[in-house]
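Novice:
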Amino acid sequence: MKILKLIAILSITTGATAVFAHNNSAHSSAPVEKVQTAWGIAGDAKAVNRTITVTMTDQMRFIPAELQIRAGDTVKLVVRNAGKGLHELVIGTKTELDAHAALMLKFPDMEHSEPYMTHVKPGKTDQLIWTFNRVGEFEFACLLPGHYQAGMVGKIKVSAASTPKP
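Numbering follows the numbering used here, with no gaps: position 31 of the sequence shown is 777.
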């Protein structure tokens, strides 16, 4: 999120057009910065209570295209690229994803890495761990130029955690 804000500010204030290298490599081993977002916060591997596999295809689709999650769940998303081209999975609100997608069209080689996104090379698998601590409807998408516009978007519905009955 911080890189997107910085790019937006630089673009507006300087009118500069910059070239960024899209991060095609696996995630670094650097510690994950935990920042609360509208859709949750980076999770810890030891807190994972659910694993969901999401497959990305060259037909610009995610399988499954909708995830049902309870608030408070820490989910390991195993993200598999079944295609022949690079894909990514980015979690956010529709507004955030729309803004990010617009930047990706303007700066197609932009490098970005946040705990709520992963870039997966063809035939490879990666994962991200996220704690969904906010109730609401969110999205996940591939924001590579043309992919989002072709409908490579999924839904995440986070419902209130059920309370145990006495």
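For glycine and all other residues, C-beta sits at the position ideal for the given N, C-alpha and C.
(1) Could you work out which residue in S908, K901 and P891 is closest to G831 when comparing CA atoms only?
(2) Between T877 and T820, is the Cβ-Cβ spacing less than 9 Å?
(3) Using the C-alpha atoms, what's the distance from A828 back to V899?
(4) For the beta strand (DSSP E) containing T783, list its first residue and its last residue.
(5) Three or more C-beta pairs under 8 Å: does that hold for the segment 799-813 against the segment 851-858?
(6) When the distance is taken between beta carbons, is R826 closer than 9 Å to T799?
(7) Helix, strand or coil: how does DSSP classify M850 here?
(8) Let me check understanding here. Comparing Cα to Cα, which of N879, V836, F886 and G869 lies closest to D804?
Specialist: If we stick to the structure as given:
(1) Taking the sequence shown and counting its residues from 1, one reaches residue 831 at position 85. Closest by alpha carbon: P891.
(2) Looking up residue 877 in the sequence shown gives position 131. Looking up residue 820 in the sequence shown gives position 74. Contact flag set, yes.
(3) Looking up residue 899 in the sequence shown gives position 153. Looking up residue 828 in the sequence shown gives position 82. V899 and A828: Cα-Cα distance of roughly 16 Å.
(4) The residue labelled residue 783 in the question sits at position 37 within the sequence shown. No beta strand (DSSP E) contains T783, which DSSP labels as neither H nor E.
(5) no
(6) Residue 799 sits at position 53 when you count from the first residue of the sequence shown. Residue 826 sits at position 80 when you count from the first residue of the sequence shown. R826 is positioned such that its CB atom lies closer than 9 Å to that of T799.
(7) The residue labelled residue 850 in the question sits at position 104 within the sequence shown. Helix.
(8) In the sequence shown, the residue the question calls residue 804 occupies position 58. The shortest Cα separation from D804 among N879, V836, F886 and G869 belongs to G869.
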